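Novice:
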Amino acid sequence: MKSSAVNSSAEKTAWQSRRSKMATVGENIQISTHTIDKVTKAKVTLENYYTNLVSQNDEREGRYRLLERSMDEEGLTDEQKSERRQQHALKETEFLRLKRSRLGVDDFESLKVIGRGAFGE
212 MKSSAVNSSA EKTAWQSRRS KMATVGENIQ ISTHTIDKVT KAKVTLENYY
262 TNLVSQNDER EGRYRLLERS MDEEGLTDEQ KSERRQQHAL KETEFLRLKR
312 SRLGVDDFES LKVIGRGAFG E
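In my numbering, each residue's number is its place in the sequence shown (first place is 1) plus 211.
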């Protein structure tokens, strides 16, 4: 019987320790600090992602407005304007594709070897 009492008091102490590290939401729901940290990190990540997405779209629209303004100032015909718009769209598409691609070793040019590895290279 004693071991049962010791286990239950040890379990109770451990439970109280875990409970003190949790935030209470409502009356019955408790959230651990680890979960709160993960939620905060996810929130910041999503906010940054969508903020960058909106700002990139604003920049793209700004470049398009600049193109339209410059074409109006040059007094281009409708055919020339259409051709410039197509060229601009192709450049924008290429730019977006480059932004999504990851850099690798092949994307760099070796200028000079400044050291060798410790494994006999």
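Each residue gets a CB set at the ideal place from its N, CA and C atoms; glycine is no exception.
Being a predicted model, the structure only gives us computed values, none of them experimental.
Does the Cβ of residue 324 have 16 or more other Cβ atoms within 10 Å, making it buried, or fewer, making it exposed?
Specialist: Along the sequence shown, one-based indexing puts residue 324 at 113. Looking at its Cβ environment, which holds fewer than 16 other Cβ atoms inside 10 Å, residue 324 is exposed.
Novice: When the Cα atoms are used, what is the spatial distance from residue 271 to residue 239?
Specialist: The residue labelled residue 271 in the question sits at position 60 within the sequence shown. The residue labelled residue 239 in the question sits at position 28 within the sequence shown. Approximately 49 Å between the Cα atoms of the pair.
Novice: Within the continuous beta strand (DSSP E) that includes residue 242, where are the two ends?
Specialist: The sequence position of residue 242 within the sequence shown is 31, counting from 1. Element bounds for residue 242: 240-243.
Novice: Do you know how far the Cα of residue 255 is from the Cα of residue 275?
Specialist: Within the sequence shown, residue 275 is the residue found at index 64, counting from 1. Within the sequence shown, residue 255 is the residue found at index 44, counting from 1. So the two alpha carbons sit approximately 30 Å from each other.
Novice: Extract the residue ranges of the alpha helix (DSSP H) inside the stretch 278-312, only unbroken runs of 4 or more that lie entirely within it.
Specialist: Secondary structure remark: continuous alpha helix (DSSP H) runs of at least 4 residues inside the stretch 278-312, in chain order: 289-311.
Novice: Among residues of its own chain, excluding the 5 on either side of residue 303, which ones have a beta-carbon nearer than 7 Å to its beta-carbon?
Specialist: The residue labelled residue 303 in the question sits at position 92 within the sequence shown. Excluding residues within five positions, the ones whose Cβ falls inside 7 Å are 271.
Novice: Indicate the three-state DSSP secondary structure (helix, strand or coil) for residue 274 in the structure shown.
Specialist: By one-based count along the sequence shown, residue 274 stands at place 63. If DSSP states are grouped into helix, strand and coil, residue 274 belongs with the helices.
Novice: I need the DSSP call for residue 321, collapsed to helix, strand or coil.
Specialist: For the purposes of this step, residue 321 is taken as residue 110 along the sequence shown, with counting starting at 1. Here residue 321 sits in coil by DSSP.
Novice: When the Cα atoms are used, what is the spatial distance from residue 217 to residue 263?
Specialist: Taking the first residue of the sequence shown as 1, we reach residue 217 at position 6. Taking the first residue of the sequence shown as 1, we reach residue 263 at position 52. Residue placement at residue 217 cannot be trusted, given a pLDDT of 49 that sits under 50; the coordinates are not used to answer.
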